[in-house]
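The opening residue of the sequence shown carries number 1 in the numbering used here; numbering runs sequentially from there.
From the three backbone atoms N, C-alpha and C, an ideal C-beta is built for every residue, glycine too.
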Amino acid sequence: MPSIPEQLAELEKLKLKRQLIELNSPQSTTIDCAAGPLINFASNDYLGLSQEPELIAAHQAATRQWGVGSGSSRLITGSLRPHHQLEEQLASIKQTQAALTFTSGFATAIGTLPALVGPRDLILVDKLAHASLIDGIKLSRAKFRSFRHNDLDHLSSLLQNAQAKRQPNQRLLIVTESVFSMDGDHAPLREIVALKAAYDAWLLLDEAHGFGCFGNNGAGLAHQLGVHQQIDIHLGTLSKAVGLAGGFIAADRQVIDLLINRARSFIYSTAPPPAIAHTAQRALDLITGPLGTKRRHQLDQLRQLAAQLLNCPAASAIIPILLGSSETAIAASQSLRNQGLLIPAIRYPTVPQNSARLRLTLNANHTLPQVKNAAQAINQFLSTT
Ligand SMILES: *Cc1c(COP(=O)(O)O)cnc(C)c1O
């Protein structure tokens, strides 16, 4: 392994070295940092709930009632009433028998996969699946193959192959996302669900970017498409549209009972602060109520405007503007930043080599003029390269 200075120099040379941006303000649609005030097109707080006054008040009240920390892991004395209530509410929204929360979506993925599959099993995973899913898969020590992104022919040929060699009791698990984090496009869930039924496979669906944003009450894309009953394991996060922090699985009671006993990131980690679990319930009330409907509608309008001005498909709040090289993506992002717009460059290894891009993320609280300005500035940059 090269030395640390060598590794850093290499990253620098490849234009892959990343840096933290310190904010001097709360994160919102406008932020303040060393570069000055910026319009923020980089957060996953799709519905703007992280700064919602009603939730701040709920969090303050819950902190007074429950304190700031949970004191231990869930299996010791860290399983407080707000955790249980939140899990019941999540199960009810997801229409599953049960749900279980974790400290983050990442912890959810790396705890759940090894608890459900092992070395004798086979996982088929979309090529663009999130790092947390990949790490969970690796930790499970199951065999795995990736299928080309959203490619049903490839998936079905891998399934066929697996079927031919399937051992008794071997589990076959398909892992994909509903809304992809770096491309913003949707998985063909109806077709995937049909395939998984045909091959007697399980399906784990990561709705990190779908939960809160799709479906009548924000339950997710699977609900919007009416295929939610066919998803065996729903994975979600409380850190994106819900505006807080944490992750969850919604599934059958027995799956949840097994996770309580086997998911190491659940068992060996301190429970999330109870005030977070309480506030998440109020956030879910908002998401499933009129405010959620209104914010999803606003997001839709902004998305349509961006799609029209940028002349690109915009299936979600995540809009990728593909540029290819890391240099171009960084130059684009820098030029936009000079115009007061924070639109990050996404590079390898977050996305495949030579598919560096700008990633414009919309928030229901952006204004139409803010989105219009951003799209015009992006078009301006594109026309000069
Ligand atoms: C962000 C993300 C996660 C992790 O969720 P956190 O709560 O941020 O840890 C998992 N899967 C996908 C697809 C994500 O985009």
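Any non-hydrogen atom of ligand 1 closer than 7 Å to Glu22 Cβ: no
CB-CB length for Leu263 against Ala115, believed under 8 Å: The sequence as given places Ala at residue 263; Leu does not occur at that position. Going by Cβ atoms, the distance from Ala263 to Ala115 rounds to 4 Å, so yes, they are a contact pair.
Residue(s) in a DSSP beta bridge with Ile249: Leu100 and Leu235
DSSP-derived helix/strand/coil call for Phe266: helix
Beta-carbon spacing of Asn373, Gly48 below 8 Å: no
Touching by the beta-carbon criterion (3+ pairs, under 8 Å), the region 241 to 252 and the region 90 to 103: yes
Member of Ala162, Leu204 and Gln170 whose CA lies at the smallest distance from the CA of Ser178: Leu204
Under 8 Å between C-beta atoms of Leu310 and Ile321: yes
Integer-rounded CB distance, given that Leu155 should sit under 8 Å from Leu195: 6 Å
Counted within 10 angstroms of its Cβ, other Cβ atoms place Lys138 as buried (16 or more) or exposed: exposed
Cβ-heavy atom distance, Phe106 to ligand 1, below 7 Å: yes
In DSSP terms, what Gly71 is bridged to: Answer is none; Gly71 lacks a bridge partner.
Buried versus exposed, by CB contacts within 10 Å (16 or more), Val68: exposed
His186 in three-state terms, based on DSSP: strand
Ala91, enclosing alpha helix (DSSP H) - first and last residue: Arg81 to Lys94
Alpha carbon of Leu235 to alpha carbon of Ala208, nearest angstrom: 7 Å
Beta-ladder partner(s) of Lys240, from DSSP: BP columns for Lys240 are empty, so no partner.
Residues that Ser146 bridges to, as DSSP identifies them: Val125
As assigned by DSSP and simplified to three states, the class of Leu47: coil
Per DSSP, the bridge partner or partners of Ala345: Leu358
Rounded separation between Gly243 and Lys165 - CA only: 44 Å
Opposing strand residues paired with Trp202 [DSSP bridges]: Leu173
Beta-carbon gap between Arg337 and Met182 smaller than 8 Å: no
Three-state secondary structure assigned by DSSP to Gly324: strand
Test item: CB-CB of Pro349 and Ser70 under 8 Å: no
Contact test: Asp206 Cβ vs ligand 1 heavy atom, cutoff 7 Å: yes
For Leu38, the residue or residues it bridges with in DSSP: Ile31
Between the CA atoms of Ile39 and Leu113 - distance to the nearest angstrom: 37 Å
Inter-residue CB distance, Arg171 and Asp121 (contact presumed, cutoff 8 Å): 4 Å
Nearest-angstrom Cβ-Cβ length linking Ala91 and Thr279, presumed shorter than 8 Å: In fact, because the Cβ distance is near 18 Å, the residues do not count as touching under 8 Å.
DSSP three-state assignment for Val227, whether helix, strand or coil: coil
Spatially closest choice to Ala187 from Leu152, Ile21 and Gly215, by CA coordinates: Leu152
Proximity test, Ser316 beta-carbon vs ligand 1 heavy atom, cut-off 7 Å: no
Beta-carbon proximity check, His149 vs Asp135, cutoff 8 Å: no
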